[in-house]
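Asker: In the numbering used here, the protein residues as written are 1 to 436.
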């Protein structure tokens, strides 16, 4: 019998790993995820949210295996999907998605780009001395190849969202045309409307935050998924379970991921990174939350000040905001400009000048762009539903799914925050600068 280990997970119970999957789990690249909070700084608002990216990676692996078994995938496909599920977050920088927009604007990379480079051995998550100390000379790609798993296929599953042809494929099926998309279901199991990644993070994040909204019917979803013309589909009998997942996702984004105070804390961390001296993002792939926080504390007076405030939960306060419900054509135009990172920094500078404070003491938050980077699935409810021998998008069956397409996950279009003592001055300045 091959060597195996059983990891006791607080969400899924016993998770068994053996062979290459056990070896992958014990790699330093995976163990780094022990030091990265799954929800960034959400623990400052939800004290139980101290779970890590490693736990989520294990949970995603567990659900991917369940999905593969439910779909009766051949051995090679199952192994590729399970490897991709286990490794899908291996490129996350410190504090998970919190720094991703800044990272993308500063060095043009996302955690998916870093994951690809780490898996293929193009970059290391270990300093050279540490690699020698641990006796690490091979790459994850070497390990996968030795086990008969293609690193390129694993990377493709992680880096490719299901093709934009998903909607087109449904159209083709409905019109009686032949769909020639191939094995889209493999990618859709990792990045799709119903995938292992979001099924785990909804269950896990709800469990640790204590928020009841993330409950989903995992068993029913697993019982009703299938493959039709190369796409991952859900049988009509699983519509209620799919609706439950989509509602859970929408409510978790509103109540946890885009909670006003969580956003302020995360934007403060971004401001600390932006204010840091030197190239703070150099070798970001080796950092954990703790090591990066230490780095920021040594990166100049402003960064140190903000990090100290975060450490003791002395958070900025909302000074000004514009609700989405209050937008009209006149007010929308200037806010659209703020989706550009550098335009937003320019506006922060102008507000600070008018309020006679430092730029590091003003944060302009326009969450829409970050949402698209961190969760591109959020507005997509077109889950393919199999009814007999015909596939239709979920919105043809469910008015609820159609309504969720237009539901905003956050109530504000823009929020300006600052230390409490500057609230009044910043509110006046923000109104003049943003709408001048």
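From the three backbone atoms N, C-alpha and C, an ideal C-beta is built for every residue, glycine too.
Fair warning: this is a prediction, and the values are worked out from it, not measured in the lab.
#1: Take residue 20 and list the residues in its own chain whose beta-carbon comes closer than 6 Å to its own, dropping the five residues that flank it on each side.
#2: Can you give me the C-alpha to C-alpha distance between residue 423 and residue 318, rounded to a whole angstrom?
#3: Could you tell me the alpha carbon to alpha carbon distance between residue 169 and residue 325, rounded to whole angstroms?
#4: Just the C-alpha distance for residue 387 and residue 235, rounded to the nearest angstrom, thanks.
#5: Would you list, in sequence order, the uninterrupted alpha helix (DSSP H) runs of no fewer than 4 residues that lie entirely inside the region 219–281?
#6: Would you give the residue range spanned by the alpha helix (DSSP H) that residue 437 belongs to?
#7: Return helix, strand or coil for residue 117, following the three-state DSSP convention.
#8: Measure the CB-CB distance between residue 251 and residue 194 and report whether it falls below 8 Å.
#9: Hey, quick one: how far does the alpha helix (DSSP H) through residue 350 stretch, first residue to last?
#10: Which residues bound the alpha helix (DSSP H) around residue 204?
#11: Within this structure, are the beta carbons of residue 303 and residue 265 separated by less than 8 Å?
#12: For residue 408, which residues in the same chain have their Cβ closer than 6 Å to its Cβ, ignoring the five residues on either side in sequence?
#13: Secondary structure at residue 163, three-state DSSP: helix, strand or coil?
#14: Look at residue 56 and residue 258 and say whether their C-beta atoms are less than 8 Å apart.
#15: Of the choices 274, 75, 12, 354, whose alpha-carbon is the least far from that of residue 295?
#16: Would you mind sorting residue 405 into buried or exposed? The rule is 16 or more other CB atoms within 10 Å of its CB.
#17: For residue 37, count neighbouring C-beta atoms within 10 Å of its own C-beta (all shown protein chains included) and say buried if the count is 16 or more, exposed if not.
#18: Evaluate contact between the region 25–33 and the region 49–64, counting only Cβ atoms and requiring at least three cross-stretch pairs below 8 Å.
#19: What are the start and end residues of each continuous alpha helix (DSSP H) run of 4 or more residues lying completely inside the region 119–164, in chain order?
#20: Provide the residue(s) that pair with residue 13 in DSSP beta bridges, ordered along the chain.
#21: Alpha carbon to alpha carbon, what distance is there between residue 82 and residue 60?
#22: Rounded to the nearest angstrom, what separates residue 70 and residue 331 at their Cα positions?
#23: State whether the region 38–52 contacts the region 148–160, with contact taken as three or more CB pairs (one from each stretch) at a distance under 8 Å.
#24: Rounding to the nearest angstrom, what Cα-Cα distance links residue 306 and residue 362 in this structure?
#25: Using a Cβ-Cβ cutoff of less than 6 Å, which residues in the same chain neighbour residue 402 once the five nearest sequence positions on both sides are dropped?
#26: Counting along the chain, where does the alpha helix (DSSP H) carrying residue 79 start and finish?
#27: Go through its chain and collect everything with a Cβ distance to residue 267's Cβ below 6 Å, but skip five positions before and after it.
#28: Using the C-alpha atoms, what's the distance from residue 289 back to residue 126?
#29: How long is the line joining the alpha carbons of residue 340 and residue 16, rounded to whole angstroms?
#30: Express the C-alpha separation of residue 335 and residue 434 in angstroms, rounding to a whole number.
#31: If I follow the unbroken beta strand (DSSP E) through residue 432, where does it start and stop?
#32: Tell me, please, which residues DSSP counts as bridged to residue 385.
Answerer: In short, the structure shows the following:
#1: Take residue 20, set aside five residues on each side of it, and the residues of its chain with a beta-carbon closer than 6 Å to its own are 147, in chain order.
#2: Between residue 423 and residue 318, the C-alpha separation is close to 7 Å.
#3: Low confidence applies here, because residue 169 scores a pLDDT of 42, under 50, leaving its location unreliable and the question unanswered by this model.
#4: Cα atoms of residue 387 and residue 235: separation of roughly 6 Å, rounded to the nearest angstrom.
#5: For secondary structure counted as the alpha helix (DSSP H) over 4 or more consecutive residues, the region 219–281 holds these complete runs in sequence order: 239–252, 260–275.
#6: Lying before the first or after the last residue shown, residue 437 is absent from the chain, which here runs from 1 to 436.
#7: In the structure shown, residue 117 sits in a helix (DSSP, three-state: H, G or I).
#8: No.
#9: For residue 350, the enclosing alpha helix (DSSP H) begins and ends at 341–355.
#10: It spans 196–209 - the alpha helix (DSSP H) in which residue 204 sits, taken as one unbroken run.
#11: No, the pair does not count as a contact, with Cβ atoms beyond the cut-off.
#12: Cβ within range, chain order: 324.
#13: Confidence in residue 163 is poor, its pLDDT being 39 and thus under 50, which makes the residue's placement unreliable; the coordinate value appears in the next sentence. Of the three classes helix, strand and coil, the one that applies to residue 163 here is coil, per DSSP.
#14: Contact flag unset, no.
#15: Ranking 274, 75, 12, 354 by Cα distance to residue 295 puts 274 first.
#16: Sixteen is the threshold: since fewer than 16 other Cβ atoms of the shown chains lie within 10 Å of the Cβ of residue 405, the residue is exposed.
#17: Answer is buried; the Cβ neighbour count reaches 16.
#18: Between the region 25–33 and the region 49–64, the count of Cβ pairs shorter than 8 Å is three or higher; the stretches touch.
#19: Taking only runs of at least 4 residues, the alpha helix (DSSP H) segments lying wholly in the region 119–164 are 128–134, 140–146, 151–159.
#20: Per DSSP, the beta-bridge partners of residue 13 are 9.
#21: Those two C-alpha atoms are separated by around 8 Å.
#22: If I take the Cα positions, the gap works out to 50 Å.
#23: With the rule of 3 Cβ pairs closer than 8 Å, the region 38–52 does not count as touching the region 148–160.
#24: Roughly 12 Å between the two C-alpha positions.
#25: Residues of the same chain with a CB within less than 6 Å of the CB of residue 402, apart from the 5 flanking positions on each side, are 395 in chain order.
#26: Boundaries of the alpha helix (DSSP H) around residue 79: 75–87.
#27: Closer than 6 Å at Cβ, skipping near neighbours: 363, 365.
#28: Using only the alpha carbons, I get a separation of about 15 Å.
#29: Distance from the CA of residue 340 to the CA of residue 16, rounded to the nearest whole angstrom, comes to 45 Å.
#30: Their Cα atoms are separated by approximately 8 Å.
#31: Counting along the chain, residue 432 falls outside any beta strand (DSSP E), though it belongs to the alpha helix (DSSP H) covering 423–434.
#32: Beta bridge pairing from DSSP links residue 385 with 234, 392.
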